[in-house]
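Asks: Let me begin by handing over the structure; questions about it come next.
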Amino acid sequence: MEEKLEANEMIIHLGPQHPMQPGPFRLNLRLKGETVVGADIELGFIHKGIEKILENKTYLQGITIVDRVCYLVALVNEECFIGCAEKLLGIEPPARAQYIRVILEELTRIQSHLLGTGEFGEFIGFVSMFMYTIREREDILSLIDMITGARITHSYLKFGGVRDDLPEGFKERAIPILNKVKKAVDDFDQMFHSDRIFRERTVGVGVLTADAAKSLGVSGPVLRATGVPFDIRKNEPYLVYKDLDFKVCTETAGDCFARVQVRLNEIRESIYIIEQCLDQIPDGPLFPEGTPYGRRTPVMRVPAGEVFHRVEDPRGEMGMYMISDGSDKPYRVKIRGPYYPTLQALPPLIIGTTVADVASISGSMDGCTSEADR
Amino acid sequence: MVLKNIKYAIRNITRPPVTRMYPEKPTELSDRFRGLQKLDKSKCIGCGICANTCPNVAIKIVKAPIAPGSEKKRWFPEIDIGHCLFCGLCIDQCPKDALTSGKEYTKGLVKWKHKDLLIGPDKLAREVDLDEGDEK
Amino acid sequence: MVIEIPEFIVPFLPWIRGTIGLSLVGLIFIGAMGAVWLERKLSANIQSRMGPCRVGKYGLLQLVADAIKLFTKEDLRPLNADKLLFNNAPIFIMASVFLVLVAIPVGAVFINGTEYPLAVTEMDISVLYIEAMSAISIFGIFMVAYGSNNKYSLLGAFRNFARMVGYEVPLGITVVSVAVMTGSLDIVEISRAQGLIWNIFLQPIGFFVFFVAIMADMGRLPFDQNESEEELIAGWITEYCGMRFGLSYFAEYMHMILGSFLIALLFLGGWNVPAFVANNAVLGLIAPTGFLLVKVVFVIMVIIGLRWAIPRFRIDQVVDLSWKRLFPLALLNLVWAVGLGLYLGA
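Chains as they are written, first to last, in the numbering used here: chain A, 2 to 375; chain B, 5 to 140; chain C, 373 to 718.
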């Protein structure tokens, strides 16, 4: 980008402060008129140093820190961290706790996809879409609030189980709300399908091929929209996903429209999973019997070892590589976030399109820059 | 062509707004909402586990009288609300269940100076009203 | 055709026209404030929230508070901005609005059965004049966008030109087809000749083309690429602060009000009322103007609602739409209008 500019070219920064970004990053565009001929990304504006902080906090304190890697999907981050530690400790939460964890993570997935779809509508000029999806998201957040006590950064999961049981009357409260969300998602789907302006802005725009996606390490709805049926909940099941019946949503086109479709279908699948969980959930203890692990976590010295655990984040595959040296603080935690590779797929896609398409493509990636920078 | 959008917009006009007028109507809190902690002085033994557990080092153990107007002093926690995350780890780890979660989140917690944010054991035990000491 | 005026008023006519003109200038500012208030309340309704509700009852004084705020802000100018263009652009934009305002009749009064339209001037070619003057605002927008020395504004300027070039043509053709059917270019005449059968029923395609073209002319979504907030921060007025921004912002809403007046006068029957209302003494004074204003408010609400209900086009799709779809439809409408005019005339 530092080479000499030709006669009609100019460099424009979709800079760290821009109304259309989900978080601060700088996108340098080299424009010729309105067409993009070069693009470059710079990250690091929201680097918090989480991996370094985790080396100085005990495992229990680390749960509250890991919450904040991506604050929208805090429970999935906690699941990844606690999954690593449980593998090293050699304990497994009992069935009821696993079902509660699955319910919470699917609720998180629904609200994250609703927000992503709303933001995408906003980036192409349909500002009211954001308000429509936020209205539905409020009900889901109130469900999560009923269980965990907070709407964001919950710090609810513990080693070996969950902190509190489901409250009384949760199922009666949840089923009507889930039906309402299902109907709303059908409405959004119809609106996207029949709107001619929307189809013109998204069909055929930003096509990502399956080979390019696989070589860059992209995962999540972006990969599934190119036709690759890769979902960690099916390929490497954790918790009780092997007992649940759901399908992996894929589309073949690989453009922005396909990505939005995949997200809307995933919301429907998540609602189906939650309904199954609420039917199948067994009674039982919340923590493994006969171990000192409970709501009051004992003094924990994790045995030395290395482990890698990955979960299905709403944005892709999130993994954590934990090295423990036998003390009560981890030696090193390396976080592999799902949005960083997806962001690397952005510059090749936008070369040759116009500025308006940049907003559309980067919005359909549905990112959270906070976890790209950590 | 764009009729579905317009129909949805018109249908939304007929629904009431979801905005809650904040100062007139307070926020609806869930049952498990974590607000300012509540201390039970009869159960607290001053062990300091809550101070060790806090991720942000917000709790300090200080000497305070066991009841208003008493001579005998014991060690009790003092919480720095400016640093507290309201994560609830101190409540979980207390061996005697002396700390529980209250529901206050703005009353008496909005101050001008940092030294006013150090909520002492008498306020935590609700012996003194939280608004006391507020400059009007 | 000029209306006959009683003899004793003739020496005072310039003063009367001047007074009407000045009061219209004041009224249009208040009208723009009302339009902004209506937009904020209507968009809030569509989005399930409340608009302004704290300043004054129903938030009516919110715009007054905003105007006071804009007056007290610091007037910044970027270092390398072109002084002449940057400072004088609001003059062009406002001038375009006021020049159009001169020729549009805002209503009529019926005294003793004769009709006096409330317009500052009545010209024989007022429709042509209105369209020519409304094109001056393009210069104002380009002056701002180019003189700001800001890349985002520059992109907004390019898009603005591309859009305006494409949409002036169908707009002109549709207006000409209405004039051809009526047989005159005077807007008062066109409005009166509709009687009780409005032009929207006689030329539905023309109404559709005119509506889309005038929404593009006004720069309202889905055609607001030059100020699209998501891509270009604020487009052409990125660098404006304080009252300059206020003037440009209000000018857009005044333009919207004038466009709605045009739609109501050319296609929706203007101020025509049935004969028994016109002959009534009291109703003849208020009903025609009131009827016209009701229609204008309804058109404004439709335009505002469309902004918040549908997404935005890309600029090449906008140009595509105008040349490949609206232009043939406008020509088709012209042929239809000529045929209809001959049939009705015969």
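Positions of the beta carbon are idealized from the N, C-alpha and C atoms, including for glycine.
What you are looking at is a predicted structure, and each value in this text was computed from that prediction instead of being measured.
Throw me the rounded Cβ distance for the Lys183 (chain A) and Ile272 (chain A) pair, which I believe falls under 8 Å.
Replies: 6 Å between Cβ atoms; contact.
Asks: Run the CB neighbour count on Val645 (chain C), radius 10 Å, all protein chains shown included, and call it buried at 16 or more, exposed below.
Replies: It counts as buried.
Asks: Could you list which residues in chain B have their beta carbon closer than 7 Å to that of Gly150 (chain A), in chain order?
Replies: Per Cβ cutoff of 7 Å: Ser34, Arg36, Phe37 and Arg38.
Asks: Going by C-alpha distance, which of C:Ile381, C:Glu379, C:Leu714 and C:Glu494 is nearest Ser549 (chain C)?
Replies: Of C:Ile381, C:Glu379, C:Leu714 and C:Glu494, the residue nearest in Cα terms is C:Leu714.
Asks: What are the residues that DSSP puts in a beta bridge with His14 (chain A)?
Replies: The partner list for His14 (chain A) (beta bridge, DSSP) reads A:Asn29.
Asks: So, are the CB atoms of Gly150 (chain A) and Arg15 (chain B) less than 7 Å apart?
Replies: The answer is no: Cβ separation not under 7 Å.
Asks: For the alpha helix (DSSP H) that contains Gln689 (chain C), what are its first and last residues?
Replies: Residues Ile687 to Asp692.
Asks: Return helix, strand or coil for Phe580 (chain C), following the three-state DSSP convention.
Replies: It is helical.
Asks: Any beta-carbon of chain A closer than 7 Å to the one on Arg684 (chain C)?
Replies: Yes, Arg684 (chain C) counts as interfacial toward chain A.
Asks: Give the straight-line distance between the Cα atoms of Ala416 (chain C) and Tyr60 (chain A), rounded to the nearest whole angstrom.
Replies: In a straight line, the C-alpha of Ala416 (chain C) is about 46 Å away from that of Tyr60 (chain A).
Asks: Could you check whether Cys88 (chain B) and Ala62 (chain B) sit closer than 7 Å to each other, using their CB atoms as the reference points?
Replies: Yes; because the gap between Cβ atoms is below 7 Å, this pair is in contact.
Asks: Run through chain F and tell me which residues come within less than 7 Å of Thr23 (chain B), C-beta to C-beta.
Replies: Protein chains A, B and C are contained in the structure displayed, whereas chain F is not.
Asks: Return the Cβ separation of Val334 (chain A) and Leu55 (chain A) in integer angstroms, given the expectation that the two are a contact with Cβ distance under 8 Å.
Replies: Indeed, because the Cβ distance is near 5 Å, the residues count as touching under 8 Å.
Asks: Using a Cβ cut-off of 7 Å, pull out every chain A residue sitting near Ala681 (chain C), in sequence order please.
Replies: The answer, in chain order, is Ser129.
Asks: Where does Lys119 (chain B) fall in DSSP's three states?
Replies: Three-state DSSP puts Lys119 (chain B) in a helix.
Asks: In angstroms, rounded to a whole number, what distance separates the CA positions of Phe90 (chain B) and Ile10 (chain B)?
Replies: Approximately 44 Å, taken between the alpha carbons.
Asks: Taking C-beta to C-beta, are Pro339 (chain A) and Asp314 (chain A) nearer than 7 Å?
Replies: It is a contact, given that the beta carbons lie within the stated cut-off.
Asks: From the DSSP secondary-structure annotation, give me the bridge partner or partners of Val37 (chain A).
Replies: Bridge partners of Val37 (chain A): A:Leu32.
Asks: In the DSSP assignment, find the unbroken beta strand (DSSP E) run with Trp79 (chain B) in it and report its ends.
Replies: Unbroken beta strand (DSSP E) run through Trp79 (chain B): Lys77 to Asp84.
Asks: DSSP on His19 (chain A), reduced to helix/strand/coil?
Replies: Looking at His19 (chain A) - three-state DSSP - the assignment turns out to be coil, as it is neither helix nor strand.
Asks: Is Leu637 (chain C) near Ile559 (chain C), with beta carbons less than 7 Å apart?
Replies: Result yes, Cβ atoms of Leu637 (chain C) and Ile559 (chain C) sit closer than 7 Å.
Asks: Taking 7 Å as the threshold (C-beta atoms), are Leu414 (chain C) and Ile672 (chain C) in contact?
Replies: Contact flag unset, no.
Asks: Determine the direct distance from the alpha carbon of Asp190 (chain A) to that of Ser420 (chain C), and round the result to whole angstroms.
Replies: Approximately 20 Å, taken between the alpha carbons.
Asks: Residues in its own chain within less than 8 Å of Ile83 (chain A) by CB, not counting five upstream and five downstream?
Replies: Answer for Ile83 (chain A): Ile64, Leu158, Lys159 and Phe160, listed in chain order.
Asks: Below 7 Å CB to CB, which residues in the same chain sit around Val374 (chain C) once its five sequence neighbours on both sides are set aside?
Replies: Any reading at Val374 (chain C) needs caution, since the residue's pLDDT is 48, under 50, leaving its predicted position unreliable; the model's value is listed next. Within the same chain, Val374 (chain C) has close Cβ partners Glu494.
Asks: Give me the subset of the segment 47-67 of chain A whose CB atoms are less than 7 Å from a CB atom of chain B, sorted by chain position.
Replies: Taking 7 Å as the Cβ-Cβ cut-off against chain B, the residues of the segment 47-67 of chain A that qualify are Lys58, Leu61, Gln62, Thr65 and Ile66.
Asks: Could you check whether the Cβ of Ile360 (chain C) sits closer than 7 Å to any Cβ belonging to chain B?
Replies: Past the edges of chain C, shown from 373 to 718, lies residue 360 (chain C), and the structure says nothing about it.
Asks: Grouping DSSP H, G and I as helix and E and B as strand, with all else coil, what is Gly403 (chain C)?
Replies: Here Gly403 (chain C) sits in helix by DSSP.
Asks: Assign Arg102 (chain A) to one of three DSSP states: helix, strand, or coil.
Replies: Arg102 (chain A): helix per DSSP, three-state reduction.
Asks: Ends of the beta strand (DSSP E) at Val334 (chain A)?
Replies: Counting along the chain, the beta strand (DSSP E) containing Val334 (chain A) begins and ends at Arg333 to Arg337.
Asks: By the 10 Å Cβ neighbour count, where 16 or more other Cβ atoms means buried, how is Val408 (chain C) classified, buried or exposed?
Replies: Its Cβ being crowded by 16 or more others within 10 Å, Val408 (chain C) is buried.
Asks: Since Asp187 (chain A) meets chain B, which of its residues come closer than 8 Å, beta carbon to beta carbon?
Replies: Within chain B, no residue comes near Asp187 (chain A); the closest Cβ sits about 11 Å away, beyond 8 Å.
Asks: Report yes or no: do the segment 605-623 of chain C and the segment 508-517 of chain C share at least 3 C-beta pairs separated by less than 8 Å?
Replies: Segments in contact, yes.
Asks: Using only the alpha-carbon positions, how far apart do Glu252 (chain A) and Leu209 (chain A) sit?
Replies: Looking at the two C-alpha atoms, the distance is approximately 12 Å.
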